[in-house]
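In the working numbering, the protein residues as written are 0 to 138. Notes follow once the structure below has been shown.
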């Protein structure tokens, strides 16, 4: 499993490791997943491409890394000022979000499913660097 995370990001990479261990346990060892840190198989921002092209059997990533392919990928993970963890899970599991995301993932010949939730992103995404309050003028 290619991941977008370096091993130094224990919360993120650790989540991928925990998921792999859970799958092995739930399948009585039938399915074994080896997580690879960002850069070991492919760049951390190329996980979707790697799975789509068959370079990796599965991946652990954040869908917003692929908004250049389709802006709707932002809705599959947390965004600045977006849903909190409980709201995101409610949308994914009860509000049709997982089905909507898989219609999108299907356009890239992959199937996605939630495998962790870090909660909302803090701050914002900006095209220019923001260092002072004055830099926010005009937004």
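No residue lacks a Cβ here, since even glycine has one placed at the ideal position from N, Cα and C.
Straight-line gap, residue i to residue j (C-alpha atoms, nearest Å)
| i | j | result |
| --- | --- | --- |
| residue 0 | residue 49 | 10 Å |
| residue 135 | residue 129 | 7 Å |
| residue 100 | residue 90 | 11 Å |
| residue 5 | residue 12 | 7 Å |
| residue 39 | residue 47 | 15 Å |
| residue 80 | residue 71 | 16 Å |
| residue 42 | residue 54 | 12 Å |
| residue 44 | residue 3 | 6 Å |
| residue 69 | residue 102 | 12 Å |
| residue 106 | residue 67 | 14 Å |
Exposure label - residue i; buried when at least 16 CB within 10 Å
| i | result |
| --- | --- |
| residue 132 | exposed |
| residue 35 | buried |
| residue 139 | It is not possible to answer for residue 139, since the shown part of the chain is limited to 0 through 138. |
| residue 61 | buried |
| residue 14 | buried |
| residue 84 | exposed |
| residue 104 | buried |
Enclosing alpha helix (DSSP H) for residue i [first to last residue]
| i | result |
| --- | --- |
| residue 97 | 96 to 105 |
| residue 87 | 84 to 93 |
| residue 14 | 9 to 25 |
| residue 49 | 46 to 51 |
Whole-angstrom C-beta distance between residue j and residue i, which should lie under 8 Å
| i | j | result |
| --- | --- | --- |
| residue 74 | residue 97 | At roughly 11 Å, the Cβ-Cβ gap does not stay under 8 Å, so residue 74 and residue 97 are not in contact. |
| residue 59 | residue 18 | 7 Å |
| residue 51 | residue 108 | 6 Å |
| residue 116 | residue 86 | Residue 116 to residue 86, Cβ: 10 Å. No contact. |
| residue 123 | residue 77 | Not confirmed; about 13 Å, so no contact. |
Heavy atom of the ligand ATP within 7 Å of residue i beta-carbon
| i | result |
| --- | --- |
| residue 124 | For the ligand ATP, the structure offers nothing, since it holds no ligand at all. |
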